[in-house]
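Structure, as structure tokens:
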Amino acid sequence: MSAVFNPMHLQAALLDVVAASHAPPSLIGQRQQQRVLRLLEAARAAPVYRERLGSGLLRLSDLARMAPVTRQELMARFDDWVTDPALKLHELRDFVAEPARAAEPWLDRYVVWESSGTSGQPGIFVQDAQAMAVYDALEAVRHRPPARGGRGLLGLFAAFDVMGVSDRTALVAATGGHFASVVSFERLRRINPWLGKAARSFSLLQPLDELVAALNDFQPTVLATYPTAAALLADEAEAGRLRIAPRCVLTGGETLGQAVRQRLTRVFDAPVRNSYGTSECLAMAWECGRGHLHLNEDWVLLEPVDEKQRPLPTGVRSHGVLLTNLANLVQPLIRYDLGDQITFTGQRCGCGSALPVIEVQGRRDDVLRVPSQRKGQKVSLLPLALCTVVEEEGGVFDFQLQQKGPGTLVLRLPQQGEAAEAALARCRDALQHFAQSQGAAPIQVLGELGCKVPRGRSGKACRVVR
């Protein structure tokens with residue numbers, strides 16, 4: 000079977016996820032422990048982890064004793080990190096440098112995507128058919144639009160409707176790269192040709208009027224995007240330019256504030272469901288009908304820690320969090336410093352799920368509003384789109400972009416010297432061109448080199464601020 004889809008793996012994963020969705024904590028704990036031992040055993044094939052684990056008999060206590068790892072450390076030793084020696088970093092870098100190859104299987108058995116570089120350095124992540132089956136099952140069963148049938152056999156059928164063929168799904172995201180959301184979405188479209196008309200991705204980087212026209216033409220029943228992008232589309236809907244009636248809005252990738260949630264619910268007259276996932280682990284937590292975020296603890300371990308990476312009790316917001324992905328055995332992520340802030344609330348949710356409820360404080364970048372080419376109007380520039388422009392066209396991943404005046408942006412870079420000057424020039428041209436394409440009046444982009452990029456409480460860079 001090709002890496003992009005293995006029906007036998009998917010069937011087994013679906014049955015497992017359905018069974019565990021309302022299982023007691025004791026059963027979830029047993030599955031978790033079994034998968035930890037399996038992961039540790041598989042990780043011994045990677046020199047990075049073999050050095051930490053040694054050759055003795057593996058125990059669950061080995062996990063807690065293992066020193067945390069960082070993206071920088073693992074990427075620096077990528078070929079020693081993966082468990083398949085056929086995976087080579089230089090070849091994968093060449094692969095992800097070609098946007099047209101996004102969602103194409105690598106070596107006919109792996110799915111590959113890259114992170115956006117939010118925490119300073121982009122990562123490249125590889126998963127096999129078995130890991131993808133787990134992600135598919137978690138998304139299909141736990142995080143999906145509310146079923147049209149609601150209950151009974153129709154509701155159960157909806158849980159197994161992995162590809163969402165009963166809906167018209169629009170993914171509004173930063174396309175043009177091998178990003179996790181786009182790769183996973185396009186992968187499903189490639190392996191299911193009938194989805195060509197029922198699911199489409201739309202670029203946040205295109206001019207807003209073109210995006211609105213495309214969505215009006217497509218008429219999605221499910222809208223999936225980032226909270227800031229959803230808020231911008233709500234502006235367009237209130238102004239009467241965006242004329243769609245989704246039955247559900249799915250958000251992720253950024254922190255969803257209560258005010259934005261309420262506004263989206265009101266403007267689109269549809270429920271809003273949020274999720275928590277990263278490039279390192281696509282499906283970490285899902286939001287139930289009660290509005291609580293449940294950790295997929297049967298497949299994901301999250302350890303809230305303080306600034307010295309010591310464990311924290313329930314109810315305390317963490318300084319950071321260590322991730323252990325129990326699904327990916329090809330590129331093990333064990334006690335990986337993710338950087339987000341989380342809180343285990345300790346509350347039992349009324350939805351009936353025994354999976355723990357968490358609160359997540361992720362990235363909170365601002366939408367920048369600059370003067371429009373139309374006199375007296377404003378244009379909104381989305382933070383994720385701005386970050387993509389700086390990363391993809393400027394080749395810069397550690398930065399802060401701040402609005403200093405109506406039409407003035409300041410780009411701060413920690414580097415100095417000729418290379419930094421050249422990067423600043425590339426970013427300036429790219430940002431000015433992008434703003435113009437969005438209908439903005441000419442903007443000024445100033446540069447500050449050799450300055451420390453501010454970090455928020457989540458540990459990630461505060462990259463786009465007003």
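Quick note: the sequence shown, position 322, residue 321 per numbering that gives the first Met the number 0, numbers continuous.
Backbone N, C-alpha and C fix where the C-beta goes; we use that ideal spot for every residue, glycine too.
- Along the stretch 283 to 347, the beta strand (DSSP E) occurs as fully enclosed runs of 3 or more residues at 284 to 286, 292 to 294, 299 to 304, 319 to 324 and 340 to 343, listed in sequence order.
- The stretch 201 to 282 is shown to contain whole beta strand (DSSP E) runs of 3 or more residues at 221 to 224, 247 to 250 and 271 to 275, in chain order.
- Taken atom to atom, the span from the alpha-carbon of residue 165 to that of residue 187 is near 14 angstroms.
- No Cβ-Cβ contact shorter than 7 angstroms links residue 425 with residue 375.
- Around the beta-carbon of residue 136, 16 or more other beta-carbon atoms lie within 10 Å, marking it buried.
- From the listed residues 314, 299, 97 and 318, the smallest Cα separation to residue 308 is found for 318.
- Ranking 442, 371, 331 and 395 by CA distance to the CA of residue 38 puts 331 first.
- The Cβ atoms of residue 440 and residue 370 sit closer than 7 angstroms to each other.
- Taking a C-beta distance under 7 angstroms as the contact criterion, residue 289 and residue 247 do not qualify as a contact pair.
- For residue 404, the secondary structure class from DSSP, reduced to helix, strand or coil, is strand.
- Nearest to residue 333 by C-alpha distance, out of 70, 412 and 20, is 70.
- Counting other Cβ atoms within 10 Å of its Cβ, residue 355 reaches 16 or more and is therefore classed as buried.
- For residue 110, the enclosing beta strand (DSSP E) starts and ends at 110 to 113.
- Residue 327 counts as buried, since no fewer than 16 other beta carbons sit within 10 angstroms of its beta carbon.
- Annotation for residue 433: no beta strand (DSSP E) segment contains it, though the alpha helix (DSSP H) segment containing it runs 417 to 436.
- For residue 370, the secondary structure class from DSSP, reduced to helix, strand or coil, is strand.
- Beta-carbon to beta-carbon, residue 302 and residue 312 are separated by about 12 angstroms, too far to satisfy the 8 angstroms threshold.
- Taking 7 angstroms as the cut-off, the Cβ atoms of residue 463 and residue 410 do not count as close.
- Comparing C-alpha distances from residue 342 to each of 357, 352 and 335 shows the shortest one belongs to 357.
- The residues 43, in chain order, have a CB closer than 7 angstroms to that of residue 49 in the same chain once the five nearest residues on each side in sequence are set aside.
- By the C-beta criterion, the stretch 197 to 204 is judged not to be in contact with the stretch 274 to 290, since fewer than 3 inter-stretch pairs fall below 8 angstroms.
- Judged by DSSP in its simplified three-state form, residue 97 adopts coil rather than helix or strand.
- If you check the CB distance, residue 259 and residue 237 do not come in under 7 angstroms.
- For residue 412, DSSP records a beta bridge to 448.
- Under the three-pair Cβ rule at 8 angstroms, the stretch 269 to 277 counts as touching the stretch 240 to 254.
- Selection 442, 54 and 29 evaluated against residue 40 yields 54 as nearest (Cα-Cα).
- By the CB criterion at 7 angstroms, residue 102 and residue 189 fall inside the cutoff.
- The C-beta separation of residue 8 from residue 132 comes to about 4 angstroms, placing the pair in contact by the 8 angstroms criterion.
- The Cβ atoms of residue 255 and residue 226 lie closer than 7 angstroms to each other.
- Here the alpha carbons of residue 30 and residue 36 stand approximately 10 angstroms from one another.
- According to DSSP, residue 358 shares a beta bridge with 342.
- Contact between residue 430 and residue 388 holds: their C-beta atoms lie close to 6 angstroms from each other, under 8 angstroms.
- Here residue 168 is bridged, per DSSP, to 198 and 221.
- Relative to the Cα of residue 379, the nearest Cα in the group 126, 235, 175 and 52 belongs to 235.
- When the alpha-carbon of residue 422 is set against those of 407, 395, 432 and 437, the nearest one is in 395.
- Under DSSP, residue 105 shares a beta bridge with 109.
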